[in-house]
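Numbering (UniProt numbering), first residue to last: 1 to 292.
We put the beta carbon where it would ideally sit given N, CA and C, even for glycine.
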């Protein structure tokens, strides 16, 4: 499976902070926001990642990650000239996807859960169809909402409904087979003028090829696209890391523990971060002082 991070858009909900910088480069406590969705793909066992961003911001992501080889990954980059909706990511990424299955994650989504990595590894093994997730929220009308029946069988999905049929929001993480590319090409713009991801999901549901994984209380999910949610996410990350002494979305640690890089390469990365707490954490990992 390959992965796509959609890190485009203008970030208007975060103005004026994002007038001159991509929101996915804003810090969420001690690391750039994009580290969090990238860590989700890495925990899924994905090593080939396409980052899609705006003409203005794409070079910043290239400067941040390069080709990804320093953490045992392979990164590619594409430009989205204007925000056309989530489904556009598969049209842009057609050549990258090829005949592979693919995961799409939004660049402002943050996930954390004790068993989340195991769930990701299982769901990323799909060969046909699609997998989406359902997270219970108090205000579902702000999100895409999935309605499920017996055995979590999907019944309907709506984009930001005025009267939601359930309290299960669909977070910005999706797994699809390679037919998602052709499906995306046939998606018609919505009333908002965008190519909606819900149109793709509806097609998989029509084909009876959609699985909905309902997440329990153990998963924390943030859509860090507003000032308050960004602050909430940063406070959450700080609290977990300070209490447990374990970092969230530490991509270098994930690469090391998955065997993508050696201890020597981890030490080099740690030294490049100087006297920061982040660098010291990586050094502690290399010395086997951090246990998970």
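Discussion item. Can you give me the C-alpha to C-alpha distance between residue 140 and residue 60, rounded to a whole angstrom?
Written reply: Translated into positions along the chain shown, residue 140 becomes position 140. Translated into positions along the chain shown, residue 60 becomes position 60. Straight-line Cα distance between these residues: approximately 33 Å.
Practice prompt. Using only alpha-carbon positions, find the residue among 250, 257, 155, 188 that is nearest to residue 29.
Written response: Position 29 of the chain shown, counted from the start, is the residue given in the question as residue 29. Minimum Cα distance to residue 29 is reached at 250.
Worksheet entry | Buried versus exposed call for residue 151 [16 or more other C-beta atoms within 10 Å across all chains shown] | One-based indexing of the chain shown puts residue 151 at position 151. It counts as exposed.
Fill in: Outcome for residue 288 when other beta-carbon atoms lying within 10 angstroms are tallied against a minimum of 16
For this step, residue 288 is matched to residue 288 along the chain shown. Exposed: under 16 other Cβ atoms inside 10 Å.
Worksheet item: Is it true that the CB of residue 97 sits closer than 8 Å to the CB of residue 77?
Response: The count along the chain shown starts at 1 and reaches residue 77 at position 77. The count along the chain shown starts at 1 and reaches residue 97 at position 97. No.
Worksheet item: How long is the line joining the alpha carbons of residue 232 and residue 68, rounded to whole angstroms?
Response: The count along the chain shown starts at 1 and reaches residue 232 at position 232. The count along the chain shown starts at 1 and reaches residue 68 at position 68. So the alpha carbons of these two residues sit roughly 29 Å apart.
Fill in: Three-state class that DSSP yields for residue 288 in the structure shown
Taking the first residue of the chain shown as position 1, residue 288 is located at position 288. The answer is coil: DSSP assigns residue 288 none of H, G, I, E or B.
Item to complete: Taking only the alpha-carbon atoms, compute the straight-line gap between residue 203 and residue 248 and give it to the nearest angstrom.
Response: Along the chain shown, one-based indexing puts residue 203 at 203. Along the chain shown, one-based indexing puts residue 248 at 248. Roughly 35 Å separates the two Cα atoms.
Worksheet item: Which one or two residues does DSSP pair with residue 29 in a beta bridge?
Response: The residue labelled residue 29 in the question sits at position 29 within the chain shown. In the DSSP output, where bridge partners are listed per residue, residue 29 has none listed.
Practice prompt. Find the nearest neighbour of residue 115 within the set 44, 80, 261, judged by alpha-carbon distance.
Written response: Against the chain shown, residue 115 aligns to sequence position 115. Among 44, 80, 261, the Cα nearest to that of residue 115 belongs to 44.
Discussion item. When you compare the CB positions of residue 148 and residue 166, do they come within less than 8 Å of one another, or not?
Written reply: The sequence position of residue 148 within the chain shown is 148, counting from 1. The sequence position of residue 166 within the chain shown is 166, counting from 1. Their beta carbons are under 8 Å apart, which means residue 148 touches residue 166 by this criterion.
Fill in: Cα-Cα separation between residue 222 and residue 271, rounded to whole angstroms
Your numbering for residue 222 matches position 222 in the chain shown. Your numbering for residue 271 matches position 271 in the chain shown. Residue 222 and residue 271: Cα-Cα distance of roughly 31 Å.
Worksheet item: Would you call the stretch 101-110 and the stretch 9-29 touching, i.e. three or more CB-CB distances under 8 Å?
Response: yes
Worksheet entry | Anticipated Cβ contact below 8 Å, residue 129 with residue 146, distance rounded | The residue given as residue 129 occupies position 129 in the chain shown. The residue given as residue 146 occupies position 146 in the chain shown. Rounded, the Cβ-Cβ distance is 15 Å, inconsistent with contact.
Item to complete: Measure the alpha-carbon distance for residue 87 versus residue 57 and round it to whole angstroms.
Response: Taking the chain shown and counting its residues from 1, one reaches residue 87 at position 87. Taking the chain shown and counting its residues from 1, one reaches residue 57 at position 57. The straight-line gap from Cα to Cα measures roughly 20 Å.
Worksheet entry | Residue interval of the beta strand (DSSP E) (run including residue 134) | The residue given as residue 134 occupies position 134 in the chain shown. Residues 130-136.
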